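Quick note on my numbering: the sequence shown kicks off at -7 and runs consecutively.
One structure below.
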Amino acid sequence: MSAPDPNPIRVMIVDDHPIVSAGLRMLLESDPALSVVGEAGNSAAALALAVETQPDVILLDLDLGGESGLDILPQLLSVTEKARVIILTGLRAPETHHRALQLGAMGLVFKEKTSEILIKAIRRVHAGEVWFDRSMMGTALSKMSRAREAYELDPEVARIESLTDRECEVIMLVGEGLKNKQIAGRLYISETTVRHHLTSIFDKLQVTDRLELLIYAYRHRLVDSSRKPAPVSLPSSHEER
């Protein structure tokens, strides 16, 4: 039998079935490089145990009886200094798995997988890598592809991406309520050049004046939405567009 590792990976188990938790403990502690620091069967116990033990890796079941593992995942990460979460589940729900990733899970292992795979996942995740089932990766990539296609089909995306860096700067300054002369001074260009930029912007975004440009810019986050919207006074036809 191998000698215990002086610095084992400290694992915490969160599962509402005591028999499952006990079996996992026996399995993991058969590896000298792993040490189980505790088990919890509900969210309150899990948070308290995480604070007390500060584990390296948390094995989290998604179904905790009347509770969801997703609900405590962010809290587990916030109360621990370096813990990484691996979802250990029998639930086949791609949307739920994707949500777990968004909330900070670094790995997902299905309960029907072998012990070798689980231990390998723990080692990899502890080392800073991610570990997901191949079928899940395929689903995630498919979802990303569909999202990208939807993004590319949005006509506003193409319009916004056609803007030059300078045109984006002009839009931001219009958002601050600056007039053409002030914009010219800020960007060290002539007023004529500012007007040319605005003409190009109006054409690309299909707006007709500064008011429509401001509305469009705030709607599509082309200006700082934390700022108070700039007051707009429409100029005469010969002054500024």
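Just so you know, even glycine gets a beta-carbon here, dropped at the ideal spot from N, CA and C.
Remember, predicted model here, so these are calculated numbers, not experimental data.
Spatial neighbours of residue i in its chain, beta-carbon cut-off 6 Å, leaving aside the 5 residues before and after
i: Gly33; result: Asp8
i: Pro312; result: Limits of the chain in this structure are -7 at one end and 233 at the other, which puts residue 312 out of reach.
Contact check, residue i vs residue j, beta carbons under 8 Å
i: Ile163; j: Ile207; result: no
i: Ile114; j: Val77; result: no
i: Ile111; j: Asp23; result: yes
i: Val71; j: Ala42; result: yes
i: Leu80; j: Val101; result: yes
i: Asp(-3); j: Ala25; result: yes
i: Gly96; j: Val122; result: no
i: Gly167; j: Val215; result: yes
For residue i, three-class secondary structure by DSSP
i: Arg76; result: strand
i: Gly99; result: strand
i: Val166; result: helix
i: Ile181; result: coil
i: Leu51; result: strand
Sheet register partners of residue i (DSSP bridge)
i: Arg2; result: Ser27
i: Val186; result: According to DSSP, which records beta bridges pairwise, Val186 is partnered with nothing at all.
i: Ser35; result: Answer by DSSP bridge pairing: none, since Ser35 is not bridged.
i: Asp63; result: Its beta-bridge partners do not exist; DSSP assigns none.
Assigned exposure category for residue i - 16 Cβ within 10 Å defines buried
i: His189; result: buried
i: Gly61; result: buried
i: Val117; result: buried
i: Gly58; result: exposed
i: Asn(-1); result: exposed
i: Ser107; result: exposed
Residues near residue i by beta carbon distance below 7 Å, same chain, minus five either side
i: Ile64; result: Ser35, Ala38, Leu39
i: Met154; result: The identity of residue 154 in the sequence shown is Ser, whereas the question assumes Met. Within the same chain, Ser154 has close Cβ partners Lys196.
Spatial neighbours of residue i in its chain, beta-carbon cut-off 8 Å, leaving aside the 5 residues before and after
i: Thr45; result: Arg2, Met4, Val29, Gly30
Cβ-heavy atom distance, residue i to the ligand HEM, below 7 Å
i: Lys105; result: Here there are no bound small molecules, and the ligand HEM is not part of this structure.
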